[in-house]
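So for the sequence shown, the numbering used here puts the first residue at 147; every next one is plus one.
For glycine and all other residues, C-beta sits at the position ideal for the given N, C-alpha and C.
No experiment lies behind these values; they were computed from the predicted model shown.
Down below is the structure, laid out as structure tokens.
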Amino acid sequence: MLTWKNNLTPVSEQFDDIYFSPENGLEETKHVFIKGNDPYNRWRNWNIQNAFCILELGFGTGLNFLTTWKEYLEYKDRFRLHFISIEKFPLNREEISKALSIFSELVEIKKEFLSSYQDLIPGMNYFQFLGGKIHFSLFLGDVSSALCEISGKVDAIFLDGFAPSKNPEMWDKSVLENLKYVSKKGTTLSTFTVARMVRDSLSFSGFKLEKRPGFGRKREMLIGSYSDSFLESNPKEKPWCKRAYPELQIKTVAIVGAGIAGTTLAYSLSRRGIQVFLIDPSGIAKETSGIPMAISHPHLTKIPGPISLFTLRAFRYALSFLSSFADQNFFEKTGLFYSVTQEMDSERLQKGIENHKLSEEIVFWKPIASKFQNGDFLENEPGVFFRNGFWTRPESIAKKCAEQPGVEFIKGTASRIEQDGTSWKLLIQESGHEIVANSIIFCNSHSIGKLIASLFEGEEPFPIRKVRGQLISLKETEKSSRISNILCAEHYLTPSVLGEHILGSTFDEFDLNPFPTKKRYGPAFRICSKQISKFKF
147 MLTWKNNLTP VSEQFDDIYF SPENGLEETK HVFIKGNDPY NRWRNWNIQN
197 AFCILELGFG TGLNFLTTWK EYLEYKDRFR LHFISIEKFP LNREEISKAL
247 SIFSELVEIK KEFLSSYQDL IPGMNYFQFL GGKIHFSLFL GDVSSALCEI
297 SGKVDAIFLD GFAPSKNPEM WDKSVLENLK YVSKKGTTLS TFTVARMVRD
347 SLSFSGFKLE KRPGFGRKRE MLIGSYSDSF LESNPKEKPW CKRAYPELQI
397 KTVAIVGAGI AGTTLAYSLS RRGIQVFLID PSGIAKETSG IPMAISHPHL
447 TKIPGPISLF TLRAFRYALS FLSSFADQNF FEKTGLFYSV TQEMDSERLQ
497 KGIENHKLSE EIVFWKPIAS KFQNGDFLEN EPGVFFRNGF WTRPESIAKK
547 CAEQPGVEFI KGTASRIEQD GTSWKLLIQE SGHEIVANSI IFCNSHSIGK
597 LIASLFEGEE PFPIRKVRGQ LISLKETEKS SRISNILCAE HYLTPSVLGE
647 HILGSTFDEF DLNPFPTKKR YGPAFRICSK QISKFKF
């Protein structure tokens, strides 16, 4: 709960402390955290391929992040900014908006930020701003849990929780000592407090500390830098989660496969200043990624686990990315209703919402006989409704990704791979042309086996097999036009787009006939008519 000092400065009732200085919170942020980490000198000479990464303990009103965003604008064409923040007690949009309303120079940035600050989930939430120049990761939860999820190294640390006397959990010795596992040579930190226990914990962790004049009424503040003589790995970190930092700077990458995986990866790498060769014999998104419409929703499990946590975060990230990237006609957040099935029974779905601590802004349970916005189609169907379930046309996304500067598409078959010193050579079968790149990434599904068999003494190392699937295109009827959401059960049905519904999808691992067959339509039709009462084609 918040109270407001002079109706301007937010005060936490829980911690009995202010979020920022009532004298001038913006100038306080610049003094303690921006100047305290000396970004200007560092940013002028920063490597264009490397993101500058900041870790913040205590997101609060978002003032530090938005101020950093504003200061970064002058350097946005040089490198990317990755800002990671941890917050256990997040404020809502209205509270943040009011708290920051007194800072006129942040008005436009605040508006853009708040447009994305919604549908938050426990754990990590990912955002992109400035066309992908700024990556923002907000962890909602305990600071100790959050630090365990960060596997990379950061360049600067903002320690900005409430005062140690008010919020001892955030300033606990174990928390501060764990900062060494996310630090590297040259990592800096700053904080408003010079409390003895804070200084002792940071010094023990390997930070060289220095007191500086504080802001306003605070006589002193603290800055520090990490000593390379203390560098060590987290003993609790799983070996497969450890980051590799190759000595060779990656300048060129060849991606085999131009479906949605290959093209989005090409987009991401090109944004990092890497030259990409995108190779596919069929064209861009001409195989599975060429389906007319794809739908998306998180996969809920009864108990939080790797699959559910990954899909929740990936879904939210996809929403954020596509909302600004996709063309309006090829992406829509219609909402998605998932009906109870034998596998996804009511207990699993309801417990999934409860155990993942998901708000109704994200998903809610719809009981039997409750009215719904699709007329009478779903009145007797229990299930869950994902408010931001969406459809998109993958081919349009893939083509737009492949058109980015720095991506060269080569229509051809990669037929042979050879290592050449620190690089790799790929032979294009049709033209006989050789592609040379620092790295190769395979996004070509079941075709990967034969291609890399030569690297494994002729054996195909990956047991990947084809699975046949097909979709059904249905003409809109007067009754079907009333369906406004994506409907899911064993199969799914999209709302009408340009007079057409998509019913999907069938799977068959034994029949690999690439052409549509009517014999596979039957089960999908029967399940569709059963799940969507009174719906006829």
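Take residue 155, set aside five residues on each side of it, and the residues of its chain with a beta-carbon closer than 6 Å to its own are 164 and 168, in chain order.
Between residue 617 and residue 648, the gap from beta carbon to beta carbon is short of 7 Å.
Two segments are said to touch when three or more pairs of C-beta atoms, one from each, lie closer than 8 Å; by this definition the segment 247-266 does not touch the segment 434-441. For residue 354, the enclosing beta strand (DSSP E) begins and ends at 353-359. If you draw a straight line from the Cα of residue 499 to the Cα of residue 241, it comes to about 26 Å. In the three-state DSSP reduction, residue 463 falls in the helix class (H, G or I). Going by beta carbons, residue 536 and residue 479 fall inside the 7 Å limit. Excluding residues up to 5 positions away in sequence, 183, 200 and 334 lie with their Cβ nearer than 6 Å to the Cβ of residue 302 in the same chain. Counting the other CB atoms within 10 Å of its CB gives residue 304 a total of 16 or more, which places it among the buried residues.
Taking 8 Å as the upper bound for CB-CB distance, residue 574 and residue 594 are not in contact here, some 17 Å apart.
When C-alpha distances from residue 179 are compared across 369, 413 and 232, the shortest belongs to 369. As DSSP reads the structure, residue 634 sits in a beta bridge with 484 and 638. CA-to-CA, the gap between residue 186 and residue 346 works out to about 29 Å. The beta carbon of residue 657 sits closer than 7 Å to those of 614, all from its chain and outside the five residues before and after it, given in chain order.
A distance of 7 Å or more separates the beta carbons of residue 561 and residue 529. Residue range 492-501 is occupied by the alpha helix (DSSP H) that includes residue 495. By the criterion of at least three beta-carbon pairs nearer than 8 Å, the segment 445-464 is not in contact with the segment 581-595. Annotation for residue 189: 221 place their beta carbon closer than 6 Å to its own, counting only its chain and skipping 5 residues before and after.
With 16 or more other CB atoms across the displayed protein chains lying within 10 angstroms of its CB, residue 174 is buried.
Rounded to the nearest angstrom, the Cβ distance from residue 509 to residue 533 is 7 Å, consistent with a contact under 8 Å. Nearest C-alpha to residue 351 among 450, 228, 341 and 371: 371. Non-local C-beta neighbours of residue 273 in its own chain, meaning closer than 6 Å and more than five positions away in sequence, comprise 262, 282 and 466, ordered along the chain. Shown here for residue 497: same chain residues with a beta carbon closer than 7 Å to its own, the five before and five after excluded, namely 448 in chain order.
Around the beta carbon of residue 147, fewer than 16 other beta carbons sit within 10 angstroms, so the residue counts as exposed.
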